[in-house]
Amino acid sequence: MSGIMLLLSVSICLLCGGGSSVSLRDTLERGSVSLNEMFREVEELMEDTQHILEEAVDQITTESAKSSALNLQSNYPSETKRVMEPRQEAVQVFDETDKQCMVDEDCGDLNYCSYDMESSKCLPCIPTDMPCTKDEECCSDEMCVWGQCTANVTRGTEGTICQGQSDCRPDLCCAFQPELLFPVCNPKPGKGEYCRNHPNLLMDMLAWDQEGPRDHCPCADDVPCQPYGNDHKPRVLRHCKFSMIALVRPLKSNRLCAEKVLTNSLKRPGDIMTTIPEYYTGKNVLITGATGFMGKVLLEKLLRSCSGVRNVYVLVRSKAGQSAKARVTDMINCKLFERLQEEQPGFADKIIAVNSDLTQPELNLSKEDRSILTENVDIIFHCAATIRFNEPLKDAVQLNVLATQKMLALARRMKHLQIFIHISTAYANCDKDLIEEVVYPPPVDYGKLIDCLDWMDEELVSTLTPKLIRQHPNTYTYTKALAEYLVQQEASHLNVAIVRPSIVGASWKEPFPGWIDNFNGPSGIFIAAGKGILRTMRASNDAVADLVPVDVVINAMLAAAWYSGSQAFNRPRNIMVYNCTTGGINPFHWGEVEYHVITTFKRNPLEHAFRRPNVNLTSNHLINQYWIAVSHKAPAILYDLYLRLIGQEPSCRFSRSEDMSGTLRKLWSCKTPLAPEFPHHQLKNCINMSFKTNPLEQAFRRPNVNLRSNPFTNQYWTTVSHTLPALLYDGYLMLTGHKPRMMKTITRLHKSMMVLEYFTSHSWVWNTDNMTMLMAQMSPEDKKIFNFDVRQLHWAEYMESYCMGTKKYVLNEELSGLPAARKHLNKLRNIRYSFNAVLAVIFWRVFIARSQMARNIWYFVVSLCFKFLSYFRASSTMR
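Residue numbers for the sequence shown, in mature numbering (1 follows the signal peptide of the UniProt record, and there is no 0): -21 to -1, 1 to 858.
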């Protein structure tokens, strides 16, 4: 309309301007005219202008009627539609968008308009007790209270949405709620309660005079907000909900105050949160991946600490001729469940094995089992996934992405589901340096990728995999990132939380220290170092080794389900993500890990060690390759050759060495936000110390591991410390008539280390605000039972129990064999000294004894050393 009016105005100006010029020209031609003639000409001009305006208005009315008769669809894109009525302005405009509605009234009863700048659509109203962002989203006469549709509520009471102070009762205030994304009416803190004021009193008074929502509420009854204690810091408001970053900051200066704030800040006023065991009482829980490492610990902890749980359904597939029930029976008879068996002898009655295969359509569930699950399950823990780093992309998508999609489809059918916990990994977004507790967009659309993989053959997929995963180091992290985004997109109507663990290791405290039952993750590396096979590894000594005990991860998972399941009103509409990591507060480096592990295995050696434990870390590729050849391959070949000569089988055996290619395939995945950093050089120290103190039996060499960030240095030491000893050992085996095996073991070990180089050479920063908030919500008793605060974790003690756990529970070596293992380790030490002495004699005879210059240099160095020692001896005598 504004364009048409502008066109009319220009036309009038042109007409008036043209008329004026004609009259002036006529006047000049005729000479002087009377005043009456001039008035008459002006009247004629005005009449002509009026006729022109009336004709223009008639033309516009005709064109508008034709446009209305076209009756365009309301969601027709790339066109402009104006719905015109007589003497009224347009009521709807659709311009290059796809919109079904503009306001809630366009959708009718029991519907609301979900509107944004690009598109909008009508959605059904939200039922009672479900998350909401405005009153119009709720059904009937319900209102959105504390982010949850609630019935029988009066506007202006606690938790109702407000836009200004006048929308709330006089004893309440309207304050912003970042967690809920909108302001609500909050109670004012009373005398003795925590509060927060503006640093400038005048600015604080001016801010309160404003009508709009505030960042925090003032004290009730005009009580001033005063500093608390000796730190002269104002108390922080109890009920107003600030951003989590603001809540965490006081931890550095006033921990007691911050913990008080975190404990009360997110609770709904008037509500008393149940304890974690009370929440699980009477609940039916479904667990996928229950036969895996984390699944077993989750099952044991849930039954032991939440004894009131009704039933636990575990999805298990038949394998190797064993039924699902038989596999579960074998699992609960292992050492992990001994404590539970003592405390609750009848715990097995609560475990219900369900035959299922996550790779099959409809999860391969029978109709009866599906009906039971949809009618009874309240909580889901989706732990199942492939943990192989180098899994083919098609298989990784099948197990990590499509299986999650099928589980979500099953969850949507469940009538009583309260929370769906998806277990991801802290390295799902390892292509970023800073990882927030949010779901990031994937590198490709997961739907299109799935469609493409359906028709591609294995060879084509293998060729395209590097281009598809881009900056991701392997298919595991790549598919985990896709699975997170799939959960966000396809679980919009479900209560979902994502837990991202980092490097999952042996248990810290529960069910007992050091429990581990597999070679996955760092366990295989530790055992290889304890046996003396692993001597050098490419890693950065200063990089953080983000290890987290498995019981810490499980406690965080149970607490996350409790919080999101019981406090839906406090949960933002976005999915809650928990970065379960240790590197931010309690740092531990790979260099320290190496030291502690090697020391432990030297004190408590493993049986039949190949060499004394010793590991070197290097970041240089060439040096790493050299030491792999020298310290790994060469000794392995020589040792195999030796065994063949004496007619024996190789004495260096892993209980499951045939699976060594997958030893390190599990992503080091649960990062604990409250734990200190664990640098790589600290990890190295832990490894060396642990295995020197507690040696493994039949060690190949004495434990000694070195971390090297230089790839060239690492390659050099790999050749010297791995390849050459392996070649010598295999040569010995061949001479004695035995099959050489050491080089095969070294080759598998090198493949595993290559997969891990990316993670041992880099460090990341994870935001852990949600983990801090979660701990603050727990009662003191729950914090003891479900402890995941690893600020108390002492890394040296943990690494020793970890190494001893690999000896006891993975290799099944009894502590009674320690004296013999230590004797064997001392024997390897003497062999090393003798070998070095022989090398020194050969070096002297070949290089020094035959050259006069070399002898002179040698005598000069020896004389300097003698004078140096004599000087110190004389100094000590004078004192």
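Built from N, CA and C at the ideal position, the CB exists for glycine as well.
How many Å lie between residue i and residue j at the Cα?
| i | j | result |
| --- | --- | --- |
| Arg318 | Leu89 | 54 Å |
| Gln831 | His741 | 50 Å |
| Asp114 | Ser481 | 40 Å |
| Pro614 | Leu513 | 11 Å |
| Lys846 | His587 | 45 Å |
| Val529 | Asn749 | 19 Å |
| Ile625 | Leu707 | 14 Å |
| Pro103 | Asp357 | 24 Å |
| Asn558 | Pro452 | 20 Å |
| Trp647 | Val418 | Residue placement at Trp647 cannot be trusted, given a pLDDT of 30 that sits under 50; the coordinates are not used to answer. |
| Ser286 | Ala382 | 30 Å |
| Asn766 | Phe691 | 43 Å |
| Pro492 | Pro256 | 23 Å |
| Val124 | Thr139 | 5 Å |
| Leu465 | Phe368 | 20 Å |
| Ile366 | Glu736 | 17 Å |
| Ala299 | Ala327 | 23 Å |
| Val163 | Pro197 | 15 Å |
| Asn379 | Ala363 | 8 Å |
| Val734 | Asn835 | 49 Å |
| Asn683 | Ala508 | 7 Å |
| Thr404 | Trp837 | 57 Å |
| Ser813 | Thr597 | 27 Å |
Taking the DSSP output, what are the residues bridged to residue i?
| i | result |
| --- | --- |
| Ile577 | Partner(s): none; Ile577 has no beta bridge. |
| Thr267 | Leu294 and His361 |
| Lys100 | Ser93 |
| Trp745 | Ile414 |
| Val789 | Val789 pairs with nothing; no bridge assigned. |
| Met122 | Thr129 |
| Arg193 | Ala154 |
| Met752 | The partner list for Met752 (beta bridge, DSSP) is empty, contrary to what the question assumes. |
| Leu620 | Tyr711 |
| Val609 | Val699 |
| Pro110 | Gln127 |
| Cys844 | In DSSP, Cys844 forms no bridge with anything. |
| Val82 | According to DSSP, which records beta bridges pairwise, Val82 is partnered with nothing at all. |
| Phe691 | Asn603 |
| Val288 | Answer is none; Val288 lacks a bridge partner. |
Measure from the C-beta of residue i to each C-beta in chain D and report whether the shortest distance is under 7 Å.
| i | result |
| --- | --- |
| Thr739 | The structure shown contains no chain D; it holds only a single protein chain. |
Tell me the residue span of the alpha helix (DSSP H) that contains residue i.
| i | result |
| --- | --- |
| Met273 | Phe272 to Ser284 |
| Gly710 | Leu703 to Leu714 |
| Val423 | No alpha helix (DSSP H) contains Val423, which DSSP labels as neither H nor E. |
| Met536 | Val529 to Ser545 |
| Leu465 | Thr454 to Glu469 |
| Met722 | Met721 to Thr739 |
| Met393 | Here Met393 belongs to no alpha helix (DSSP H), and DSSP marks it neither H nor E. |
| Tyr557 | Note, Tyr557: premise wrong, no alpha helix (DSSP H); beta strand (DSSP E) at Met555 to Cys559. |
| Val376 | Leu372 to Val376 |
| Ser350 | Lys346 to Asn355 |
| Ser441 | Glu437 to Ile448 |
| Arg367 | From DSSP, Arg367 is part of no alpha helix (DSSP H); its letter is neither H nor E. |
| Tyr259 | Ile255 to Tyr259 |
| Leu381 | Looking at the DSSP string, Leu381 is not in any alpha helix (DSSP H), and its letter there is neither H nor E. |
| Gln320 | Glu317 to Glu322 |
Which residue marks the beginning of the beta strand (DSSP E) containing residue i, and which one marks its end?
| i | result |
| --- | --- |
| Leu513 | Segment: none, Leu513 is in no beta strand (DSSP E) and carries neither H nor E. |
| residue 910 | Look at the range of the chain in this structure, -21 to 858, and you will see that residue 910 is not part of it. |
| Leu596 | Asn593 to Thr597 |
| Ile400 | Ile398 to Ile402 |
| Ser307 | Per the sequence shown, the amino acid found at residue 307 is Val instead of Ser. Looking at the DSSP string, Val307 is not in any beta strand (DSSP E); the run it does join, the alpha helix (DSSP H), is Ala303 to Ile311. |
| Asn334 | Ile330 to Asn334 |
| residue 877 | What the structure shows of the chain is the stretch from -21 to 858, and residue 877 is not part of that stretch, so it cannot be assessed. |
Only counting runs of 4 or more residues, tell me where the alpha helix (DSSP H) segments fall wholly within the stretch 755 to 827, in order along the chain.
Qualifying alpha helix (DSSP H) stretches, in chain order: 759 to 764, 774 to 784 and 797 to 822.
Does the contact criterion of 3 or more C-beta pairs under 8 Å hold for the stretch 347 to 357 versus the stretch 379 to 395?
By the C-beta criterion, the stretch 347 to 357 is judged to be in contact with the stretch 379 to 395, since at least 3 inter-stretch pairs fall below 8 Å.
May I ask you to verify whether the stretch 534 to 545 touches the stretch 717 to 728, counting CB pairs closer than 8 Å and requiring at least 3?
The stretch 534 to 545 makes no contact with the stretch 717 to 728, as fewer than three CB pairs between them are under 8 Å.
Just checking, does the stretch 603 to 612 make contact with the stretch 691 to 703 on the three C-beta pairs under 8 Å criterion?
In this structure the stretch 603 to 612 touches the stretch 691 to 703; the number of beta carbon pairs closer than 8 Å is three or more.
Assess contact between the stretch 751 to 770 and the stretch 420 to 438, defined as three or more Cβ pairs (one per stretch) separated by less than 8 Å. Is contact present?
Contact fails: fewer than three Cβ-Cβ distances are below 8 Å.
Looking at C-beta atoms only, is the number of pairs between the stretch 400 to 412 and the stretch 324 to 343 that lie closer than 8 Å three or more?
Judged by Cβ distances under 8 Å, the stretch 400 to 412 makes no contact with the stretch 324 to 343, as fewer than three pairs qualify.
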